[in-house]
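As structure tokens, the structure follows; a few thoughts come after it.
Number of protein chains: 2
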Amino acid sequence: MATHPQICGDGFSCGLDAALHLISGKWKPLILFFLRDGTKRYGELKRSIGGVSDKVLIQQLKDLEAHRVLARTDYQEVPPRVDYALTPLGRSLADALVPLCSWGAENMSEVASIVAERDTLP
Amino acid sequence: MATHPQICGDGFSCGLDAALHLISGKWKPLILFFLRDGTKRYGELKRSIGGVSDKVLIQQLKDLEAHRVLARTDYQEVPPRVDYALTPLGRSLADALVPLCSWGAENMSEVASIVAERDTLP
DNA sequence: CTGTATCCGTGAAGATACTG
DNA sequence: CAGTATCTTCACGGATACAG
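Protein sequence lines correspond, in order, to chains A and B. Position 122, counted from 1, in the first sequence is what the numbering used here calls 184; the numbers after and before it change by one each time, with no gaps. Position 105, counted from 1, in the second sequence is what the numbering used here calls 167; the numbers after and before it change by one each time, with no gaps.
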């Protein structure tokens with residue numbers, strides 16, 4: 063990732079940049095929000111989200127795990143049982159996301175029409 | 063937040079999804095961040111950010127403008143003078159971003175080390 | 001000063017099939 | 001059930017040159 067020359071050290075331009083680095087990915091925000099309800103198994107997660115392929119879901123889960131946002135537990139059973147949960151870091155991040163989520167919910171119809179209008183232009 | 067998902071009516075899976083749709087882009091968070099200080103001219107913005115090409119910066123500014131997050135004013139002068147400012151929608155979005163920004167600032171060193179550790183692996 | 005116009009490399013995401 | 005393995009596509013972002 064290219065570092066931005068301005069603002070602060072640690073390789074991030076600002077706190078927002080650091081936070082976004084962890085949640086950038088098409089399904090990551092959704093994963094975080096589902097996991098706020100508690101630990102979930104892989105299949106539950108996949109059904110909850112819907113429309114995501116195994117490959118992509120696994121990839122995003124691995125990213126989040128590597129970034130210490132969530133923890134994966136493999137019970138080494140047959141048939142396989144694996145679950146995912148937020149770490150303390152992940153929970154605090156998810157909490158920080160709440161206002162943004164509320165904003166989106168409040169402005170959703172406006173955002174939807176803006177996006178629709180724009181995506182259908184030539 | 064809404065417990066569920068899957069396309070909640072307006073084409074977004076949840077409010078967070080809608081919000082992120084507007085700020086996804088490498089420089090957009092930074093642009094919002096700088097514009098919180100007030101209206102800025104194109105050149106100011108470019109210098110503030112640093113390391114971004116004209117093409118990409120313009121592209122992201124256009125996206126934000128089309129999404130009604132910021133307003134562009136062209137003074138029709140020679141030499142050209144153009145400035146950019148947050149709209150009311152943009153300001154409320156930027157405000158909703160503050161907790162996330164704070165989270166990033168508080169956890170920046172941890173995030174930086176996590177990312178560094180991971181990005182240097184094979 | 002504020003942009004356009006091209007060309008291009010990269011990687012994220014999707015479709016599909018297969019496995020322990 | 002919980003993944004892996006390939007193959008493909010395409011939008012994102014970058015470099016460079018040029019224009020009003």
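Ideal placement from N, C-alpha and C gives every residue a C-beta, glycine not left out. Bear in mind the structure is a predicted one, so any value in this text is a computation, not a measurement.
Residue-chain proximity (residue i, chain B), Cβ-Cβ < 7 Å
{"i": "A:Arg153", "result": "no"}
{"i": "A:Arg180", "result": "yes"}
is_contact[residue i, chain A] using C-beta, thresh 7 Å
{"i": "B:Arg130", "result": "yes"}
{"i": "B:Ile176", "result": "yes"}
{"i": "B:Leu119", "result": "no"}
{"i": "B:Met63", "result": "Because B:Met63 carries a pLDDT of 38, less than 50, the predicted location of this residue cannot be relied on, and the following value inherits that uncertainty. True, the Cβ-Cβ gap to chain A drops below 7 Å."}
{"i": "B:Pro184", "result": "Bear in mind that a pLDDT of 49 at B:Pro184, under 50, signals an unreliable position, so the number given afterwards is only what the model happens to contain. Chain A, which has no Cβ nearer than 7 Å to the Cβ of B:Pro184, makes this no."}
Beta-bridge partners of residue i, as assigned by DSSP
{"i": "A:Lys102", "result": "A:Tyr146"}
Taking contact to mean 3 or more Cβ pairs, one atom from each stretch, closer than 8 Å, check whether the region 169–178 of chain A and the region 132–143 of chain A are in contact.
no
Return the residues of the region 70–102 of chain B that lie within a Cβ-Cβ distance of less than 7 Å from chain A, sorted by chain order.
Asp72, Gly73, Phe74, Ser75, Cys76, Gly77, Leu78, Asp79, Ala80, Ala81, Leu82, His83, Leu84, Pro91, Leu92, Phe95
Identify each residue in the region 153–174 of chain B for which the Cβ-Cβ distance to at least one residue of chain A is less than 9 Å, and report them in chain order.
Ser154, Leu155, Asp157, Ala158, Leu159, Val160, Pro161, Leu162, Cys163, Ser164, Trp165, Gly166, Ala167, Glu168, Asn169, Met170, Ser171, Glu172, Val173, Ala174
For the region 104–176 of chain A, which segments carrying the beta strand (DSSP E) assignment without a break, of at least 3 residues, lie completely within its bounds, in sequence order?
132–136, 144–148
So does the region 155–170 of chain B actually touch the region 143–161 of chain A, counting three or more Cβ pairs closer than 8 Å?
yes
Okay, do the region 106–120 of chain A and the region 100–119 of chain B touch, 3+ Cβ pairs below 8 Å being the bar?
no
Can we say the region 147–158 of chain A touches the region 86–106 of chain B, given the rule of at least three CB pairs closer than 8 Å?
no
Touching by the beta-carbon criterion (3+ pairs, under 8 Å), the region 141–149 of chain A and the region 141–149 of chain B:
no
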